[in-house]
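These notes are about the structure you will find just below.
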Amino acid sequence: MTWSDLDWNALDRLRERFLRGTADSGAYWETADDLAAYDLTFGERIGWKWDHVLRELRLRGWQPGGRRRLKTVLDWGCGSGVASRRVVEFFGPESFESLTVWDHSPLAADFATEATRRAFPKLDVSQATPGFLSAIEVVGLLVVSHVLNELPPEELDALRLLAKRAEAILWVEPGTHEISRKLGTLREELRASGFRVLAPCTHENECPMFAIGNERHWCHFFAPPPSEIFADSNWVKFGHRAGIDLRSLPYAFIALDRQALPGVAPESDPAQGMSPAAEPGDEVTEPLPDLSRIIGRPEHFKPYARWLNCDAAGLTELELPTRSDPGLYKQLERTKAPLVYRWRRDGHKVLAGQPVAESG
Ligand SMILES: C[S@@+](CC[C@H](N)C(=O)[O-])C[C@H]1O[C@@H](n2cnc3c(N)ncnc32)[C@H](O)[C@@H]1O
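Structure follows, in structure tokens:
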């Protein structure tokens, strides 16, 4: 679908549905054109969030690598399939053997299957069966995107069970207070069941958002939309009609895996069991020490910039006096990279900082 074929009325209806954010009314896709219109607009914006998340994973040194079980991907609540297409595109289709999509709307599952086959003709793409969803076999890389505010408790429980079968999980949601904290609760649960937190956290501790006194905070970030959309009359019309500020793309995410530490032997047959295990060819990523993640984005005032900082010590409001490092002050205002830094600090004052560089 292109902008000229777009059914704006269908988009208006979808927008109403998303704004209600209710978990009660079942499948809402009415035609394949609904999904095509979504994929071009709302879905593309979600794709930009995924691009930012994937960039952060690369910064943090994570990739599916040689791990056999991460060569299979499951996109749960796939909609048009934009999330898994972004993941496959980012790591390269040759990194994966198969992709399974699942949505309680058969229209959505069909659309995602076809769109993914068109994008990656050599990838084995199929739809999940009820048997697969209720089995206990290992799920490789579980991709979940923008589903939390649509799930009644029993559906969320089913997704929880599925998540516990995964070898790795990449989960992106809108960056609202409510949804981000819901995702944070899942982080805690999954961490307790043996997952290692890869990002956005720079530590494995309990999420400090849940510490007493931090109730008003939430873990969220901003993805940069491509700059050309601001001069594109179709995107401008979409922004007006959908009541969306195109500049702002807040999101929350968690990335976890079950990678075992080097030298840890598999506990059971990797083809059958649910136990974590490194495999030959794994790139074992160690957490980088002393790293910080900026929450949200920094606020800039003339004499200083300030932001909410998350690191192994918890949440702290930090300030960078402009004169301490004018270059860093400007960089924090302009960079489009995920805000992962190593600071030199004197208490709450930042004296200097280095962004984490991409390893390749
Ligand atoms: C807002 S859309 C997001 C679609 C896609 N994941 C994305 O990020 O663009 C939410 C999707 O979740 C699906 N969904 C909602 N409840 C579900 C459930 N209980 N089981 C499976 N899919 C569900 C909807 O049909 C819809 O396709």
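Counting in the numbering used here, the sequence shown runs from 29 upward without gaps. For each residue, glycine too, the CB sits at the ideal point set by N, CA and C. Since we're looking at a predicted model, the values are computed, not measured.
Check: Could you tell me whether any Cβ in chain B is nearer than 8 Å to the Cβ of residue 179?; Outcome: This model lacks chain B altogether; it includes just one protein chain.
Check: Between residue 249 and residue 383, is the Cβ-Cβ spacing less than 8 Å?; Outcome: no
Check: Between which residues of its own chain and residue 266 is the CB-CB distance below 6 Å, once the five residues before and five after are set aside?; Outcome: 69
Check: Please state the DSSP three-state secondary structure of residue 324.; Outcome: strand
Check: Please list, in chain order, all residues of the same chain as residue 274 whose beta carbon is under 7 Å from its beta carbon, the five residues on each side excluded.; Outcome: 253, 257, 258, 263, 267
Check: Pick out the complete alpha helix (DSSP H) segments inside the stretch 48–99, 4 residues or longer, and give them in chain order.; Outcome: 60–68, 70–87
Check: For residue 60 versus residue 109, is the C-beta distance shorter than 8 Å?; Outcome: no
Check: Just to confirm the assignment, what range does the beta strand (DSSP E) spanning residue 383 have?; Outcome: 377–383
Check: What are the start and end residues of each continuous alpha helix (DSSP H) run of 4 or more residues lying completely inside the stretch 163–235, in chain order?; Outcome: 181–192, 205–220
Check: Give the straight-line distance between the Cα atoms of residue 184 and residue 176, rounded to the nearest whole angstrom.; Outcome: 8 Å
Check: Could you please give the first and the last residue of the uninterrupted beta strand (DSSP E) stretch that includes residue 344?; Outcome: 342–349
Check: Under a criterion of Cβ closer than 5 Å to any non-hydrogen atom of ligand 2, which residues qualify, in chain order?; Outcome: Within the structure as shown, ligand 2 is missing, the only ligands being ligand 1.
Check: On a CA-only basis, which of 351, 329, 320 is nearest residue 336? Give me that one, please.; Outcome: 320
Check: Residue 301 by DSSP, collapsed to three states: which one?; Outcome: Confidence at residue 301 is low in this model, with a pLDDT of 37, below 50, so the placement of that residue should be treated as unreliable; the coordinate-derived value is given next. Three-state result, residue 301: coil.
Check: Buried or exposed: where does residue 114 fall if 16 or more other Cβ atoms within 10 Å of its Cβ makes it buried?; Outcome: buried
Check: So what does DSSP say about residue 365, is it helix, strand or coil?; Outcome: coil
Check: Identify, in the order they occur along the chain, each residue of the same chain with its Cβ nearer than 8 Å to the Cβ of residue 48, setting aside the five sequence neighbours on each side.; Outcome: none
Check: Which class does residue 334 belong to by DSSP, given the choice of helix, strand or coil?; Outcome: strand
Check: Is there contact between the stretch 118–125 and the stretch 188–206, where contact requires at least three CB pairs shorter than 8 Å?; Outcome: no
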